[in-house]
Amino acid sequence: MREIVLINITGEDRPGLTSAITGVLVQDGVNILDMSQAVIHGTLSFGLLVEFNAAAQAAATCEAVRSTAESLGQQVRVSSMSEADYQRWVQAQGAGRHIVTLMSRKISADQVQRVSAITSAHGLNIEAIDRLSGRVALDAVADAQSKACLEFSVRGDPADPLALRAAFLNLSQELGIDIAFQEDSLFRRHRRLAVFDMDSTLIEAEVIDELAKAAGVGEQVSEITERAMRGELDFRASFKERLALLKGLDVGVLDEIGASLRLTEGTENLFAELKRLGYKTAILSGGFTYFAKQLQAKLGIDYVFANELEVVDGKVTGVAIEPIVDAQRKADLLTELAQREGLQMEQTIAVGDGANDLPMLALAGLGVAFRAKPLVRQSARQAISTLGLDGVLYLLGVREREGRG
């Protein structure tokens, strides 16, 4: 009668251990049903689920495994599994697989405990935890530029996905962290097109507000911009209203403002990594092409779609040139670019901060609200508010040890 046995080996990691253990099993022609190995700070955790043809064979071989492992300084635990338990384990492979990503400036035990508690409360089982961020020195201080990320691989399907998301969102706001919940699908690490809003996403400013300050109508335009980004005003109408207030602005101001614009934290690192990974990138912006082209040259962006700033006789006319890149136009452009590149929508990423970004965030395979207004953060499937823009790489499962800056 066949015997199913779980062998757990722990101890100081050392070269050749896996070969030595499996070498014992080879002698008896054992079938390996499952296998897992992990090392944390030099300590090994090695598990094997194996099938023997007979109980007598199992006892003898497991004793040989124990002897070999102990000679190498390891501890061994052997336990039997019934065929019924094994069948339940096999049937569980059809359960949903998801990824929970915890991002912070520094990871604390409280953050991990509360994230895992919510995960468990919604019927999900954590199967693996991996650190995606780089190693941190003991004397390192968490500051505005530090990054920390843990990725939880979980099994199961939440009974109420909206309630789970709300719980994660509330915890994110309470602790000042970011938590993402995604299906662990084939596409998660194989997306190929990333599109971005520009103002307050790739750059720290809303350019139209900076232009308005130069034109002496800064407060008036900023108030309209803020309401539009919160979703309180129609973007198209508010854009025309703000643009009209810039009539007569000298074109020389554009160069001054362009030179003063600052990239958001992590932008250069993100685009360098996306380029290394073979992504196509695009700016889909309700801002202006004049400034988007500067970013395109600096970051190596493939496509730019933004609004044209009409200038006549060296002065801004204040007239909007159609087509205006509004919320629907952004979503349409995302679809067009995916088709042009021969991609499915699941292979796309969209990142933005305003209400006019929501349609493209909803359409993309991965939609991320970046340092967004409350309405946008609550409506988008994923949000990053704590880290810089390169936090998007964590959502793709990219580890810093794989070549990130």
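Sequential numbering of the sequence shown, starting at 0, is according to numbering that gives the first Met the number 0. In this text, a Cβ means the ideal position worked out from N, Cα and C, and glycines have one as well. Only a predicted model underlies this, so the values are computations on that prediction, with no experimental measurement involved.
Residue pairing for S35: DSSP places it in a beta bridge opposite G46. The segment 374 to 382 and the segment 309 to 325 do not touch, with fewer than three beta-carbon pairs separated by less than 8 Å. When DSSP states are grouped into helix, strand and coil, G95 belongs to the coil group.
A residue is called buried when at least 16 other Cβ atoms come within 10 angstroms of its Cβ; T200 meets this threshold and is buried.
Sequence-distant partners of A204 (beyond 5 residues in either direction) whose C-beta falls short of 7 Å from its own C-beta, in its chain, are D198 and L260. Contact between G230 and A330 does not hold, since the beta-carbon distance rounds to 15 Å and is not under 8 Å. Counting only the Cα atoms, I6 lies some 11 Å from S35. DSSP places V318 inside the beta strand (DSSP E), whose first and last residues are K314 to A319.
The three-state secondary structure of I323, taken from DSSP, is coil.
With contact defined as three or more Cβ pairs closer than 8 Å, the segment 97 to 104 and the segment 168 to 187 are in contact. Put simply, of G122, T263, Q112 and S18 the residue whose alpha carbon is nearest the alpha carbon of I128 is Q112.
A contact is defined here as three or more CB-CB pairs under 8 Å, and the segment 186 to 197 meets this definition with respect to the segment 342 to 362.
Contact check for D352 against R370 passes: the beta carbons are separated by less than 7 Å. In the structure shown, I128 adopts extended strand secondary structure according to DSSP, grouped into three states.
If you draw a straight line from the Cα of L394 to the Cα of G133, it is about 15 Å long. When Cβ pairs closer than 8 Å are counted between the two stretches, the segment 214 to 226 is seen not to touch the segment 284 to 293, the count staying below three.
DSSP places N355 in the helix class (H, G or I) of the three-state scheme. The DSSP-derived three-state label of S384 is coil. Between the C-alpha atoms of T17 and S78 there is a straight-line separation of about 19 Å. Around the beta-carbon of Q73, 16 or more other beta-carbon atoms lie within 10 Å, marking it buried. Remark: three or more beta-carbon pairs, one from each stretch, lie closer than 8 Å, so the segment 147 to 166 and the segment 92 to 100 are flagged as touching. When secondary structure is reduced to three states using DSSP, N268 falls in the helix class. Rounded to the nearest angstrom, the gap between the Cα atoms of A68 and F51 is 19 Å. Excluding sequence positions up to five before and after T263, its CB lies within less than 6 Å of the CB of E203 and L388, all in the same chain and listed in chain order. Beta-bridge partners assigned by DSSP to N52: none are found. According to the DSSP assignment, V206 belongs to the alpha helix (DSSP H) that extends over V206 to A214.
Closest in alpha carbon position to D33, among E62, Y85 and M0, is Y85.
Counting only residues of its own chain and dropping the five nearest sequence neighbours on each side, L47 has a CB closer than 7 Å to the CB of I6, I31 and M34. For R235, no beta strand (DSSP E) encloses it; the enclosing alpha helix (DSSP H) starts and ends at F234 to A243.
Take the alpha-carbon of F180 and the one of F304: they are about 30 Å apart. Ranked by Cα distance from G247, the options E267, S384, G299 and V315 are led by V315.
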